[in-house]
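Participant: Protein chains in written order, with this note's numbering: chain W, 1 to 276; chain G, 1 to 366. Glycine included, each C-beta is placed from N, C-alpha and C at the ideal position. Here the structure is a predicted model, which is why all the values come from computation and not from measurement.
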Amino acid sequence: MKLSQRRNMRLALRYVAATLLTLFFLFPIYWLFMISFKTADEIYAYPPVWWPSSIQFSNYLVLFKDGDAATVGNSLIVAGVSTVIAMFLGTICAYSLARFRTGGENLANWIISQRMVPPIAVVFPIFLLYVWFGWVDTYFGLILLYTAFNLPYVIWMMRGYILDIPIALEQAALVDGYTRWQVLWKVVFPMCRAGLFATAIFTFVFAWNDFIFALVLTRTEVATYTVQVTHYFGGQSNFWGKISAMSVLGTLPIFIVVAFMQKYLVRGISLGAVKG
Amino acid sequence: MADLKITGLHKYYGSMHAVRGIDLEIPAGEFTVLVGQSGCGKSTLLRTIAGLEDISSGTIEIAGEVVNDLAPRDRDIAMVFQNYALYPYMRVYDNIAFGLRARKTPKQEIEEKVQRAARMLAIDHLLDRYPRQLSGGQLQRVAIGRAVVRNARLYLFDEPLSNLDAQLRDEMRGEIKRLHQELDKTMIYVTHDQIEAMTMADRIVLLRDGRIEQAGSPLDLYERPATKYVAGFLGSPSMNFIPAQLVSQDNGLAVRLSDGALLSLPADRGNRFSRHRDREVTLGVRPEHISRAADDALRPGVVCHEVTIDLVQPTGSRTYATFLLGGVETVAELKAHDVSAPNETVKLALDMNRVVLIDPASEEVL
């Protein structure tokens, strides 16, 4: 076989393998979306219906009519607000750690170690504390908790990105007449924009996907969609239509965020990776 | 009046004593070069002037005002950094205008100043580009442009040419010097390159281990070094140091090398050194003060010595010849065709009017 033929053969094999892998990983998502568009009969049909005869939105309509869809809104609020706060505070802390060596060499390690605590180990003490303060089932309570839990991660990541910025860029701005705060705004943020977005996405996703804290610390008012989904698993039967529709609603924002920020995500992750 | 006055400046990094008592006055309009090997404290000194490093003790005055506690932006300085410090997300125009915008300069004025600086530095066709689209030399021009538009009282340069290749460095050296002549501003320039120091400076401040070893005009330092370190630092190839003894000869003095060779000192210099008679000295000879001895009579103060050449390095216009003198490898800068091959035995002439004698213990020039 000629060299060029062998090379083409290998390329073809690689494409086949890539396609199979992609299908394997995409299938559960496809199935989730399809179930949400099916009628009850189609959901339980055997052999399975691969493609519903008509696209039904009834599963979604029920969620909106009952007000269950509002839990997605709750998730958006707590994840969004806590991400903004954690990013702001965390980046400032990270700047302080990186440039003023606040707390010496080890403070950053201490901070990240907080993130290693398993949520289940702290959720019940926090619950008791929250009962005491009257924060259970409030936006404030969840936002505070997610912010506190995400801060170490933000600080750790942003510190790395900030350390990667050549310090002369900041010094040049200081000499040129800018204050430290202006330098942060005009030099540091633009320089680590990819890192900021990447970190923000991970922070948002953590709060968005959280189940254990939301389960213990919410009742009805601010229940997030992850908690709401569990209500459809009944003792007698599971409401697969609702489960899938709610799951799609919960997945879509993440899809959208990642699709828009893909550029930053890839750059942000690799930025930290190539540090010598 | 001095534009910059530094008194008793010390800087510690933890237990490391980086700057050890600097006193320096720089008159308005002077181009001062701080030069020394890496780790001598020259960059630290520059950064304390800029306010980027706190000082441990001493005072820094700019135009009569003590600036020890002033933030960098309140010191009215402009600085060019070694790695250009250009913002990759801004166009060249915005990079140059960055400092003016900090000071709320009117838009019209920014436009005029940026255009003028860009024309001066021949980068006016690059204003719409991003830094990543520029070559090293162009980046350096932009960095200089950013400082020039500022119209600051004091201009600081922190090894601005060290990232450029040799040819570009020569070119930029001339441009910065011309810029100084045009702007007539006080400039302080840090480098480790003695050629940059010699060619650009009105005054060289040579630093060693956080102290000023010697300060003065380039030729002053070159021709009248105060210490062995200064003598060896300036000049390329550097000065030859040969251990010797100062002895009496006839009515005057001579230098005796370890191989017994006697090199007589001219009468006027002999008088100056007479109180050091019979002492160990180090003889310092610059390569260009050794030449091929002509057959005709030697000038007064020039002595002849026969040597065998070890190594010949032609550079085109000159040829460097290496040989043993008093047991030490010595370099002479000869005319291009003075020697042709190693192992050749030639008669060389040493200009004893120009040599320096150094006390081996204190390393001070006698």
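Tell me where the beta strand (DSSP E) around Gly216(G) begins and ends.
Facilitator: What you label residue 216(G) is simply residue 216 of the second sequence in a count that begins at 1. Run containing Gly216(G): Arg211 to Gly216, per the beta strand (DSSP E) assignment.
Participant: Tell me Gln249(G)'s beta-bridge partners as DSSP assigns them.
Facilitator: In the second sequence, the residue the question calls residue 249(G) occupies position 249. According to DSSP, Gln249(G) bridges with Gly252(G).
Participant: Taking 8 Å as the threshold (beta carbon to beta carbon), is Pro190(W) in contact with chain G?
Facilitator: Start at 1 with the first residue of the first sequence, and residue 190(W) comes out as number 190. True, the Cβ-Cβ gap to chain G drops below 8 Å.
Participant: Express the C-alpha separation of Ala86(W) and Asn150(W) in angstroms, rounding to a whole number.
Facilitator: Indexing the first sequence from 1 puts residue 150(W) at position 150. Indexing the first sequence from 1 puts residue 86(W) at position 86. Spanning the two alpha carbons is a distance of roughly 6 Å.
Participant: Nearest chain W C-beta to Val118(G) closer than 8 Å, yes or no?
Facilitator: For the purposes of this step, residue 118(G) is identified with residue 118 of the second sequence, where counting begins at 1. Correcting the residue identity first, residue 118(G) is Ala in this sequence and not Val. Taking Cβ atoms only, chain W never reaches closer than 8 Å to Ala118(G), which makes this a no.
Participant: Return the chain-ordered ranges of every alpha helix (DSSP H) run that is complete within the region 74 to 108 of chain G and spans a minimum of 4 residues.
Facilitator: 92 to 102
Participant: What does DSSP give as the partner residues of Gln313(G) in its beta bridges?
Facilitator: The residue given as residue 313(G) occupies position 313 in the second sequence. Answer is Tyr320(G), bridged to Gln313(G).
Participant: Determine the chain W residues that contact Pro72(G) at a beta-carbon separation under 9 Å, and present them in chain order.
Facilitator: Reading the second sequence from its first residue, position 72 is the one you call residue 72(G). The contacting residues are Gln171, Leu174, Val175, Asp176 and Gly177.
Participant: Along chain W, which residues have their Cβ under 9 Å away from the Cβ of Ala63(G)?
Facilitator: Counting from one through the second sequence, the residue named residue 63(G) turns up at place 63. Within chain W, no residue comes near Ala63(G); the closest Cβ sits about 17 Å away, beyond 9 Å.
Participant: Using a 10 Å radius around the Cβ and a threshold of 16 neighbouring Cβ atoms, would you call Lys347(G) buried or exposed?
Facilitator: As a first step, residue 347(G) must be located in the second sequence, where it is residue number 347. Per the 10 Å Cβ criterion, exposed.
Participant: Less than 8 Å between CB atoms is the rule here; does Ala259(W) satisfy it with respect to chain G?
Facilitator: Taking the first residue of the first sequence as position 1, residue 259(W) is located at position 259. It does not: the Cβ of Ala259(W) has no partner Cβ on chain G nearer than 8 Å.
Participant: Output the distance between the C-alpha atoms of Gly80(W) and Ile256(W), rounded to the nearest integer angstrom.
Facilitator: For the purposes of this step, residue 80(W) is identified with residue 80 of the first sequence, where counting begins at 1. For the purposes of this step, residue 256(W) is identified with residue 256 of the first sequence, where counting begins at 1. Taking the straight line joining both Cα atoms gives about 14 Å.
Participant: When the distance is taken between beta carbons, is Leu184(W) closer than 8 Å to Tyr95(W)?
Facilitator: By 1-based counting over the first sequence, the position of residue 95(W) is 95. By 1-based counting over the first sequence, the position of residue 184(W) is 184. It is a contact, given that the beta carbons lie within the stated cut-off.
Participant: According to a CB-to-CB cut-off of less than 9 Å, which residues of the region 50 to 62 of chain G neighbour chain W?
Facilitator: Legend: CB atoms of the region 50 to 62 of chain G lying less than 9 Å from CB atoms of chain W belong to residues Ala50, Gly51 and Leu52.
Participant: One question on the structure: do Thr199(G) and Arg173(G) come within less than 8 Å of each other, judged by their Cβ atoms?
Facilitator: Residue 199(G) sits at position 199 when you count from the first residue of the second sequence. Residue 173(G) sits at position 173 when you count from the first residue of the second sequence. The answer is yes: Cβ separation under 8 Å.
Participant: Hey, how far is the Cα of Arg256(G) from the Cα of Arg269(G)?
Facilitator: Taking the second sequence and counting its residues from 1, the one referred to as residue 256(G) is at position 256. Taking the second sequence and counting its residues from 1, the one referred to as residue 269(G) is at position 269. Each residue's Cα considered, the two are about 16 Å apart.
Participant: In chain G, what lies closer than 7 Å to Ala168(W) by C-beta?
Facilitator: Walking along the first sequence from the start, residue 168(W) turns up at place 168. Under the 7 Å cutoff, chain G gives Phe81, Asn83 and Ala85.
Participant: Could you tell me the distance, in whole angstroms, from the CA atom of Pro160(G) to the CA atom of Val307(G)?
Facilitator: As a first step, residue 160(G) is located in the second sequence; it is residue number 160 there, counting from the start. As a first step, residue 307(G) is located in the second sequence; it is residue number 307 there, counting from the start. Pro160(G) and Val307(G) have their C-alpha atoms some 43 Å from each other.
Participant: List the residues of chain W whose Cβ lies closer than 8 Å to the Cβ of Ile77(G), in chain order.
Facilitator: As a position in the second sequence, residue 77(G) is number 77, starting the count at 1. Correct list: Val175.
Participant: Given that a residue counts as buried once 16 or more other Cβ atoms are within 10 Å of its Cβ, and exposed if not, what is Leu97(W)?
Facilitator: Within the first sequence, numbered from 1, the residue matching residue 97(W) stands at position 97. Buried, by the Cβ-count rule.
Participant: From the DSSP output, which residues share a beta bridge with Met187(G)?
Facilitator: Counting from 1 along the second sequence, the entry for residue 187(G) is found at position 187. According to DSSP, Met187(G) bridges with Phe31(G) and Tyr155(G).
Participant: Run the CB neighbour count on Ala173(W), radius 10 Å, all protein chains shown included, and call it buried at 16 or more, exposed below.
Facilitator: For the purposes of this step, residue 173(W) is taken as the residue at position 173 of the first sequence. Buried is the call here.
Participant: Work out the CA separation of Gln262(W) and Val274(W) for me, nearest whole Å.
Facilitator: For the purposes of this step, residue 274(W) is taken as residue 274 along the first sequence, with counting starting at 1. For the purposes of this step, residue 262(W) is taken as residue 262 along the first sequence, with counting starting at 1. Reliability of the predicted coordinates at Val274(W) is poor, the pLDDT of 40 falling under 50, and the value obtained from them is presented with this limitation in mind. Near 19 Å, if we compare the C-alpha coordinates of Gln262(W) and Val274(W).
Participant: Flag Lys11(G) as yes if its beta-carbon sits less than 8 Å from any beta-carbon of chain W, otherwise no.
Facilitator: Counted from its first residue, the second sequence places residue 11(G) at position 11. False, the Cβ-Cβ gap to chain W never drops below 8 Å.
Participant: In three-state terms, what does DSSP make of Gly276(W)?
Facilitator: As a position in the first sequence, residue 276(W) is number 276, starting the count at 1. Any reading at Gly276(W) must be qualified, since the residue scores a pLDDT of 33, below 50, and its modelled position is unreliable; no value is offered.
Participant: Going straight from the alpha carbon of Arg292(G) to that of Gln245(G), what length do you get?
Facilitator: As a working note, residue 292(G) is residue 292 in the second sequence. As a working note, residue 245(G) is residue 245 in the second sequence. Looking at the two C-alpha atoms, the distance is approximately 25 Å.
Participant: Nearest by alpha-carbon distance to Pro131(G): which of Arg208(G), Leu86(G), Asp278(G) and Val312(G) is it?
Facilitator: By 1-based counting over the second sequence, the position of residue 131(G) is 131. If we check each option's Cα against that of Pro131(G), Leu86(G) comes out closest.
Participant: Taking the C-alpha atoms as reference points, what is the distance between Gly235(W) and Val229(W)?
Facilitator: Translated into the one-based positions of the first sequence, residue 235(W) becomes position 235. Translated into the one-based positions of the first sequence, residue 229(W) becomes position 229. Their Cα atoms are separated by approximately 14 Å.
Participant: How should Tyr13(G) be labelled, buried or exposed, when 16 other C-beta atoms within 10 angstroms of its C-beta is the threshold for buried?
Facilitator: For the purposes of this step, residue 13(G) is taken as residue 13 along the second sequence, with counting starting at 1. Tyr13(G) is exposed by the Cβ-count criterion.
Participant: Determine the DSSP secondary structure at Val364(G), reduced to helix, strand or coil.
Facilitator: Position 364 of the second sequence holds residue 364(G). Here the sequence assigns Glu to residue 364(G), which means Val is not the residue at that position. Correct three-state label for Glu364(G): strand.
Participant: Closer than 8 Å, CB to CB, is Arg103(G) near chain W or not?
Facilitator: Counted from its first residue, the second sequence places residue 103(G) at position 103. By this cut-off, Arg103(G) is an interface position.
Participant: Are there 16 or more other CB atoms within 10 angstroms of the CB of Gly90(W), so buried, or fewer, so exposed?
Facilitator: Position 90 of the first sequence holds residue 90(W). With 16 or more Cβ atoms within 10 Å of its Cβ, Gly90(W) is classed as buried.
Participant: Would you identify the three-state DSSP class for Asn304(G), choosing helix, strand or coil?
Facilitator: For the purposes of this step, residue 304(G) is identified with residue 304 of the second sequence, where counting begins at 1. Sequence inspection shows Cys at residue 304(G); the Asn mentioned does not correspond to that position. Assignment of Cys304(G) by DSSP, reduced to helix, strand and coil, places it in the strand class.
Participant: If the cut is a Cβ gap below 7 Å, which residues of chain W does Gly382(G) touch?
Facilitator: In this structure chain G extends from 1 to 366, so residue 382(G) is not present and cannot be described.
Participant: Output the distance between the C-alpha atoms of Gly260(G) and Ile358(G), rounded to the nearest integer angstrom.
Facilitator: On the second sequence, position 260 is the one that residue 260(G) refers to. On the second sequence, position 358 is the one that residue 358(G) refers to. Distance between the alpha carbons of Gly260(G) and Ile358(G) is about 19 Å.
Participant: Put Gly21(G) into one of helix, strand or coil per three-state DSSP.
Facilitator: Taking the second sequence and counting its residues from 1, the one referred to as residue 21(G) is at position 21. Reduced to three states, the DSSP call for Gly21(G) is strand.
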